[in-house]
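Residue numbers (the numbering used here): 1 to 334. Ideal Cβ placement from N, Cα and C applies to all residues, glycine included.
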């Protein structure tokens, strides 16, 4: 995986500390949503379907920081909506970085030119730009022409200024092995982003487009063919080798959604970012009062085709660190 060594060591030490304290459930990364408003209307996302009064709300910086400190996670992914629409987003990032949290700011990149001066390069901060394919594919996904070119230009400017830049790409059943390979080659070799995250399209129930999500067998077949040419180790993935094995169907894992919880304007979301079965006021309440045995493939029909990283990436991380062989395998790709 392309995770910087210092970050990998920090996360490993954190997990070891939790094990020594005999904690069975703890967060690795929090998906923090300080707003739901967005400047795009993507076909695969339903966040902007919230009521108008909710879309106008912005989470106070103090509330967001308190939630992260309460749960203790070493990493934070700031999402939304479009987080750069939050008027205090620069302050929020600075507060989290000051606490030595690894922060990934997820964005469609359209507002980066206006907001970039509010941020400072740091080993604790990275942009995560959504790139869902090359120009035609990406613009179709976000339902607006020109977004791909704007995002690419923003990525180049961030890299020019010394920021770490990662990307997040979601694939659907309209993607072919060749189209996946082409976008990974472009991100890795042309844009030369620091890390690439990939995810099979998950059946987010509020998304306007419900026809193009991938099923489990489709996902496994797609990634087996993508990785068959031997480029898996060349691409700078922000994933453990075991998670990539999982996408191919070489291994299977249970869901550990409690390890990547979602905190939004409503509180801690049960059970995960993709399903809303109520909310908890604290992370401890989320963990202790949620019946986790109800969820995951084979338990809840809504989970039947889910292979999203928010449920399965942490399981792969735990399995990696529980095995010397897998730990060494991951380090060789760092």
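Within the same chain, 18 come within 6 Å of residue 26 by CB-CB distance, once the 5 residues on both sides are set aside. Under DSSP, residue 105 takes part in a beta bridge, and its partners are 78 and 127. Residue 283 is positioned such that its CB atom lies no closer than 8 Å to that of residue 314. From the listed residues 69, 73 and 158, the smallest Cα separation to residue 15 is found for 73. The residue from 118, 249, 87 and 125 with its alpha-carbon nearest to that of residue 75 is 125.
Counting only residues of its own chain and dropping the five nearest sequence neighbours on each side, residue 184 has a CB closer than 6 Å to the CB of 235. If you check the CB distance, residue 319 and residue 244 do not come in under 8 Å.
Under the Cβ criterion (8 Å, minimum of three pairs), the segment 222-229 counts as touching the segment 247-266. In this structure, the straight-line span from the alpha carbon of residue 167 to that of residue 193 is close to 7 Å.
Around the beta carbon of residue 29, 16 or more other beta carbons sit within 10 angstroms, so the residue counts as buried. Of the candidates 91, 180, 9 and 220, 220 places its Cα closest to the Cα of residue 305. In this chain, residue 280 is not harboured by any alpha helix (DSSP H); it is covered by the beta strand (DSSP E) spanning 275-280. Membership of residue 70 in the alpha helix (DSSP H) is indicated by the continuous run 61-71. CA-CA distance, residue 135 to residue 148, rounds to 5 Å. The three-state reading of DSSP puts residue 235 in coil, since its state is none of H, G, I, E or B. In the structure shown, residue 272 adopts extended strand secondary structure according to DSSP, grouped into three states. Taking the Cα positions, residue 259 is about 21 Å away from residue 196. In the structure shown, residue 188 falls within a helical segment according to DSSP collapsed to helix, strand and coil.
In this structure residue 201 does not touch residue 240 by the C-beta definition: roughly 21 Å separates them, more than the 8 Å allowed. Around residue 327, the same chain offers 320 and 321 as residues with beta carbons nearer than 7 Å, after the five sequence neighbours per side are excluded.
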